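Shown next, in structure tokens, is the structure this report addresses.
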Amino acid sequence: MTFAFETPWALSGLVLILLPLLDNGVGKTPYPWLRLIPEDPLSRLFSLCLHLLGMAAVAALILGLAGLYRTGQKIERIGHGAHIVLLLDRSNSMDNTFAGRTPSGDEESKADAARRLLTGFVDSRKQDLIGLAEYSTAPLFIMPLTDNKQALQAAIAATKTPALAYTHISKGLAIALSYFKQQPLTGARIVLLVSDGAAAIDPDNEQKLREWFKQYPVSLYWIYLRTEGSPGIDTFPEDSRNDNAQAMPERYLHLFFKSLNIPYQAYQAESPDAVQQAIADIDRLENRPLHYWQRLPKQDLSNVCYLWAVILMLLLLGLKFCEVRR
Amino acid sequence: MIGSGPLFKHHEPLIANPDPRRLDLRASMLDPFAQYRVRAYQQKSALTIYLVADLSASMAFSGHNAKPQILSDLVNGCAQSAFEYDDKFGFIGCSHPIDTRFLLPACRQPGRTRKLARALLEIPFKSDSKGLEHAAHHLPVKRSLVFLVSDFHFESQRISRIMHGLSRHDVIPLVLWDDSEYRDLPQWGIVKYRDMENATTRTLLMRPALKQSIIAAFRQRRRLLQQCFRAFGAEPLFLNQGYQVEAFNHYFQQRVL
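Same order as they appear, the protein sequences are chains A and B.
If you're matching positions, the first sequence starts at 0 in numbering that gives the first Met the number 0 and goes up one per residue.
If you're matching positions, the second sequence starts at 0 in numbering that gives the first Met the number 0 and goes up one per residue.
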């Protein structure tokens with residue numbers, strides 16, 4: 000635990016601590032000859048206490064003025080859980096319902112369903128470090144891996160704003176993987192991709208992604224929010240001319256993930272309930288010991304100092320009233 | 000001393016004092032043994048009374064009675080009774096070093112003593128009590144009656160030295176103490192006392208037990224002072240309630256008997 004000060008020069012006031020040593024503040028009454036009064040250890044102790052009280056009060060005031068605070072720090076923690084990066088699709092189509100329409104009345108858009116379920120998921124994973132990234136045409140860095148659930152909920156709630164543009168999945172995956180760059184390898188690493196479609200990955204990006212997936216051993220879960228009527232990930236095209244990444248991006252993305260040789264699981268969700276099923280699966284599967292550092296923010300202690308100064312001064316004031324003056 | 004003074008002292012048988020001129024017929028008639036009684040007169044003798052006063056800082060203390068006021072009253076009272084009997088009165092104020100302003104050689108001038116008494120109320124008391132040891136140099140060679148006024152708040156060896164210096168005279172130590180120094184201390188509370196002579200301070204957490212022990216310390220001090228003065232044949236007079244003529248009368252009655 001380390002302490003520091005906002006205005007260290009105010010500490011020069013600590014010299015004033017010596018003041019109560021000179022005088023304990025009790026009003027003086029003249030007396031002809033003190034030698035006649037017998038020695039009294041209790042009075043001597045009491046006088047010492049008065050000096051110390053005065054010194055402590057001055058010290059508390061000065062420390063308060065100097066702005067004492069505890070510096071931010073890291074605490075080592077061990078839990079059960081995983082490092083999870085939630086990768087959310089923010090393309091236009093996410094604002095439609097599972098039926099592919101603009102939601103009306105009680106209907107829930109795919110983004111709403113994803114938000115609701117992810118909120119529940121984050122709540123249920125108490126000890127995980129969870130990060131949030133989004134992608135549309137460009138990737139969005141939202142929240143680094145953290146155990147601050149409140150911040151995460153806020154970040155997830157913030158996806159309520161209208162969706163953005165297209166789907167550029169390779170960049171999204173890249174930013175999700177980059178979350179693991181500075182993290183030590185403990186516990187499970189999961190990328191949870193929530194999207195309602197896919198896009199072709201060009202060969203350059205594909206090469207890079209393969210490299211990174213090799214570098215950062217992650218498990219990949221893909222929750223594919225399938226719109227009614229759109230091709231599934233396992234759908235084989237009837238016409239072999241359509242069997243290419245441009246026409247059937249979901250199928251080719253699925254194949255790409257499979258070829259990565261990493262633990263990979265895809266869920267085709269056609270309704271909000273199916274999404275819940277996928278999340279429950281992850282909840283069950285990924286629970287390994289996790290070693291991580293918790294960051295504590297800097298803590299201002301000047302209030303505590305002032306509180307103590309007030310307590311000590313009230314005490315001294317009370318003693319002042321016990322004084323007998325002639 | 001019996002002699003030819005104007006003051007009547009007592010009757011004596013004619014045998015003891017064979018002076019028929021002083022025969023008192025009325026007293027002789029009233030005598031149950033029918034003897035002649037002769038008046039005896041007190042020899043007129045000029046006595047010199049000196050008041051040697053401690054003017055150290057502790058004498059400025061004022062509790063129920065201000066000690067400078069008591070001192071001033073003593074000067075007035077002693078001077079008045081001295082002048083009534085045609086005695087001389089002198090004053091030695093012992094600061095350290097002795098200040099000549101507070102030296103009054105034996106005289107019969109009421110004006111000077113009154114002026115001195117007034118001046119005593121205004122002087123700053125700030126020296127220590129060492130001056131008392133030098134008082135003897137300012138006293139006359141002739142045996143005098145010396146009132147030694149102080150609170151005697153100093154070491155008893157110094158009291159012995161002072162009494163040695165005054166051994167030629169008839170010394171009556173007057174001890175000025177005040178009840179607020181010990182008997183009237185508060186039962187409970189916080190007090191900080193500053194020594195009037197050396198400015199040291201002590202904080203006391205007053206409680207009945209401590210008060211009792213202070214009173215006991217003063218009682219012991221009183222016994223010590225009595226022993227100290229009795230070793231020189233002097234009986235101290237403790238003035239706790241200020242200047243009271245009755246205390247003096249009582250003291251002198253005891254002394255004669």
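Quick reminder that beta carbons are idealized off the backbone N, C-alpha and C, glycines included.
It should be emphasised that the depicted structure is a prediction, and the values quoted were computed from it without experimental measurement.
Asked                                                                                                                                                                                   : Found
So for residue 20 of chain A, helix, strand or coil by DSSP?                                                                                                                            : helix
At a threshold of 7 Å, does residue 2 of chain A count as lining the ligand SAH (C-beta to nearest heavy atom)?                                                                         : Among the ligands in the structure shown, none appear at all, so the ligand SAH cannot be discussed.
Counting C-beta neighbours from all protein chains within 10 Å, is the total for residue 222 of chain B 16 or more, i.e. buried, or is it exposed?                                      : exposed
Could you give the uninterrupted runs of the alpha helix (DSSP H) lying entirely in the stretch 120-157 of chain B, keeping only those of 4 residues or more?                           : none
Name the chain B residues whose beta carbon is nearer than 8 Å to that of residue 45 of chain A?                                                                                        : 189, 202 and 204
Could you please tell me which residues of the stretch 25-42 of chain A, in chain order, have their CB closer than 7 Å to any CB of chain C?                                            : Within the model displayed, chain C is absent; protein chains A and B are what it includes.
Closer than 7 Å between beta carbons: that is the criterion. Which residues of the stretch 292-314 of chain A meet it against chain B?                                                  : none
Comparing the C-beta of residue 126 of chain B with each C-beta of chain A, is any distance below 8 Å?                                                                                  : no
Tell me where the alpha helix (DSSP H) around residue 77 of chain B begins and ends.                                                                                                    : 66-83
Could you check if residue 3 of chain B is buried or exposed, using at least 16 other CB atoms within 10 Å of its CB as the buried criterion?                                           : exposed
Just the Cα atoms here: how many angstroms apart are residue 105 of chain B and residue 136 of chain B?                                                                                 : 14 Å
With respect to the beta strand (DSSP E) encompassing residue 263 of chain A, which residues constitute its N-terminal and C-terminal limits?                                           : 263-268
Confirm, please, whether the CB-CB distance from residue 169 of chain A to residue 141 of chain A is below 8 Å.                                                                         : no
Output, in chain order, the set of chain B residues within a Cβ distance shorter than 8 Å of residue 17 of chain A.                                                                     : Going along chain B, no residue has its Cβ under 8 Å from residue 17 of chain A, so there is no contact; the nearest lies around 17 Å.
Reducing DSSP to helix, strand and coil, say where residue 247 of chain A ends up.                                                                                                      : coil
Do three or more CB pairs link the stretch 209-219 of chain B to the stretch 227-242 of chain B at distances below 8 Å?                                                                 : no
If you reduce the DSSP assignment to three classes, tell me which class residue 182 of chain B lands in.                                                                                : coil
Quick check: what's the CA-CA separation for residue 47 of chain A versus residue 119 of chain B?                                                                                       : 40 Å
Enumerate in chain order the residues of its own chain whose CB-to-CB distance from residue 81 of chain B is below 6 Å, with the five nearest sequence positions on each side excluded. : 48 and 88
Have a look at residue 256 of chain B and residue 249 of chain B and give me their C-alpha separation to the nearest angstrom.                                                          : Per-residue confidence for residue 256 of chain B stands at a pLDDT of 47, beneath the threshold of 50, marking its modelled position as unreliable; the derived number appears in the next sentence. Those two C-alpha atoms are separated by around 11 Å.
Between residue 212 of chain B and chain A, is any beta-carbon pair separated by less than 8 Å?                                                                                         : yes
Does the beta-carbon of residue 158 of chain A have 16 or more other beta-carbons within 10 angstroms, so that it is buried, or is it exposed?                                          : buried
Near residue 65 of chain B, which residues of its chain fall below 7 Å by C-beta distance, leaving aside the five closest residues on each side in sequence?                            : none
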